[in-house]
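Just so you know, the sequences run in chain order A and B. Counting from 26, one number per residue, gives the positions in the first sequence under the numbering used here. Counting from 6, one number per residue, gives the positions in the second sequence under the numbering used here. The C-beta atom is built at its ideal place from N, Cα and C for all residues, glycine as well.
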Amino acid sequence: MTRVVLPLVVAIMLLPIGVMVVVASAPAGSGLDGAGGLGGGSGFGLFANIAEMFASGDFPVYFRNSLILSSGIAVLDVIFAGAAGYALARLRFPGSRALFVLVVGTLALSPTVVMVPVYVIVHQLGWIDTFQGMIVPSMMSAFGVFLVRQFALGLPEELLLAARIDGAGEFRIFATIALPLLRPALLTLFLLQFLAQWDNLLWPLLVANDPALWPLPVGISQLQTQIGYDIRLMTTAALVTAVPPIVLMFLLQRYYVAGLTLGGVKK
Amino acid sequence: MRLARPAVMSGGGQRRAEERVGGMLALPAMLFFGVFWLLPFLSACYLSFTRYDLAGTPEWVGLENYRRMLEDPGFWNSAQVTALYTAASVLPAIVLALAIAVPLARPGRLNGVLRGLIMIPAVMPLVATSVVWRIIYADGGPANTVLGLAGLGPVSWLTDERVAMWALVVMVTWKHLGLFVIILTAGLQGLPRDVYEAASLDGAGPVRAFFSITLPLLRRTLLFVLVIAVVGSMQAFIPAFLLTGGGPAGATEVLPYYMWSTAFSFERMGYASAMAMVLLAGLIVLSLVQFRFLRGGADD
Chain A
26 MTRVVLPLVV AIMLLPIGVM VVVASAPAGS GLDGAGGLGG GSGFGLFANI
76 AEMFASGDFP VYFRNSLILS SGIAVLDVIF AGAAGYALAR LRFPGSRALF
126 VLVVGTLALS PTVVMVPVYV IVHQLGWIDT FQGMIVPSMM SAFGVFLVRQ
176 FALGLPEELL LAARIDGAGE FRIFATIALP LLRPALLTLF LLQFLAQWDN
226 LLWPLLVAND PALWPLPVGI SQLQTQIGYD IRLMTTAALV TAVPPIVLMF
276 LLQRYYVAGL TLGGVKK
Chain B
6 MRLARPAVMS GGGQRRAEER VGGMLALPAM LFFGVFWLLP FLSACYLSFT
56 RYDLAGTPEW VGLENYRRML EDPGFWNSAQ VTALYTAASV LPAIVLALAI
106 AVPLARPGRL NGVLRGLIMI PAVMPLVATS VVWRIIYADG GPANTVLGLA
156 GLGPVSWLTD ERVAMWALVV MVTWKHLGLF VIILTAGLQG LPRDVYEAAS
206 LDGAGPVRAF FSITLPLLRR TLLFVLVIAV VGSMQAFIPA FLLTGGGPAG
256 ATEVLPYYMW STAFSFERMG YASAMAMVLL AGLIVLSLVQ FRFLRGGADD
């Protein structure tokens, strides 16, 4: 029975995606109205709609900004959280205990709780309406440090020890031996952070008043508040925004699941 | 500066090398978490006892903000809305996710494909999600079309006070279901197979096996899903922000949303910080559960 029921359940879950594709494929001037009714016009307009959207000036800017923010933050998180996670797991250094407490404490805190003071800090730094104002406060995640630390704890001690006996310095051991072994964890972190930032609305909305700096979530949400917006183009924009994370998820599904289940599944 | 390095470093030399490199690798993280988490956390504690509007300097008012909260109907409304929203968007979703995960965890190519497809709503950005669900909930949209087929009248999903919260809950349940399913299937696939074989030899049916083997063994994973779901829902206000704007008449104004408006629409940073402290107190109780549970994982 489940051979029928499960595909059916999944199909029902995907119905809203179908609605999105249908509306995004409506031909121009097909009489889509503010009430969401579909009607008039005929033909398949998806590609024409996408072309129209990318020609509209604002959208390519939002798209580019989203790419800069998401990949920038994900790369920075991989570099810095990766380094700190490895150090916490494999090296004894002064302050390691304090850093660990700080990271675990941060995991328990919520961004909502510190949003006001972080905004005040960014404001006082003069970073309102700048890329660094959007990037720097998110450039490292406690989750990332924790994930890499957990993974690095499992690295085989013999490999690191052998390198030490060969006279390799600690930094060289990190760069040439540990980093390649940490790749699955770093890839997981990159993916999760990219997806999170691609969807980040709140912080850019606070920091960027200048539309030239808006990423996709801010641009689309601002369009949505305008009366009489074009549902057809708006939905096309939503569809195009949804494609990169979906493709990434399918390409890196294994890493994605590994990151999600960290701590949730007994190994 | 070392002139010649011995083949194997002495204990002291090795320790110094670790301290130097470890400190170097960890320094950016120490600075970052200090400046963007510890300092803001301490400031939030301090600001919660002040009146502060960004333009001037914080003015100490003692417990005034907390006192005001007790008498503020907006705060009480948002606290209630948050509790309802959290309960309604977590519990049905987990039960549903479990019902889907148990058959979906079985091996097979079709199941593998379905596991990927079911994740699509979860990785879709919330803005895209809200664009779609605004269409679904529109006056002439698919939700009302389906109701019409059942002979029921159209509903103003997002503007009717009695319905808006439930419309929101349906959307976030749809969005999070795949995430919960995937975590649960991963947990289910890690369960020992021989227990089930022994149970079926003893004549236990699938229902019996579910309640007396699967549920107890899956407890940790279920608890994990429950905690991330609750903590996530308590802080989530973007769905309300995008779909209903907190309306109608505050019916979907969750606490973080009320806090956000207090801080950034009315520039009452002190009062907003006091609310953040109350929210944090709620979250800490749940986080303690989470950490006890995560630490348990390292032991067994």
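When C-beta atoms of the segment 107-114 of chain A are compared with those of the segment 237-248 of chain B, fewer than three pairs fall below 8 Å, so the two segments do not count as touching. By the criterion of a C-beta distance shorter than 8 Å, Asn234(A) is surrounded in its chain by Ile153, Asp154, once the five residues flanking it on both sides are discounted. Closest by C-alpha distance to Phe176(A), out of Ala114(A), Leu285(A), Pro136(A), Phe196(A), is Ala114(A). Here Trp65(B) is bridged, per DSSP, to Thr55(B). Per DSSP, the continuous alpha helix (DSSP H) segment holding Thr87(B) begins and ends at 78-109.
In the three-state reduction of the DSSP assignment, Gln251(A) falls in the coil class, being assigned neither a helical nor a strand state.
DSSP places Gly39(B) in the helix class (H, G or I) of the three-state scheme. When only Cα atoms are considered, Arg167(B) and Val170(A) end up about 44 Å apart.
When the five nearest sequence neighbours on each side are left out, the beta carbons in the same chain lying within less than 7 Å of the beta carbon of Leu132(A) are those of Ala167, Phe168, Phe171, in order along the chain. Closest option to Ile160(A), judged by alpha-carbon separation, among Val48(A), Gln278(A), Leu94(A), Ala267(A): Leu94(A).
One thing to note: Pro240(A) has its Cβ within 8 Å of the Cβ of Tyr87(A). Nearest Cα to Gly287(B) within the set Gly113(B), Arg224(B), Ile141(B), Leu260(B): Leu260(B). Closest in C-alpha terms to Trp179(B), from the list Arg297(B), Val95(B), Arg198(B), comes Val95(B). Annotation: the continuous alpha helix (DSSP H) that includes Trp171(B) extends over 169-194. Excluding its 5 nearest sequence neighbours in each direction, Val103(A) has C-beta neighbours in its own chain below 7 Å: Leu211, Leu214, Phe215, listed in chain order. Beyond the five residues adjoining it in sequence on each side, Ser48(B) comes within less than 7 Å, by CB distance, of no other residue in the same chain. In this structure the segment 195-203 of chain A does not lie against the segment 129-144 of chain A, because fewer than three pairs of beta carbons, one per stretch, are closer than 8 Å. A check of alpha carbon separations from Val132(B) across Met165(A), Leu33(A), Leu31(A), Thr261(A) identifies Thr261(A) as the nearest. Under the DSSP assignment, Met239(B) falls in the alpha helix (DSSP H) whose first and last residues are 224-240.
Shown here, Glu258(B) sits in coil according to DSSP, grouped into three states, outside any helix or strand. Within 8 Å of the CB of Ser121(A), the CB atoms of chain B belong to Gly27, Ala31, in sequence order along the chain. In this chain, the alpha helix (DSSP H) harbouring Thr150(B) covers 147-154. According to the DSSP assignment, Ala76(A) belongs to the alpha helix (DSSP H) that extends over 71-79. Residues Leu241 of the same chain have their beta carbon placed closer than 6 Å to that of Thr266(A), with the five preceding and five following residues left out of the count.
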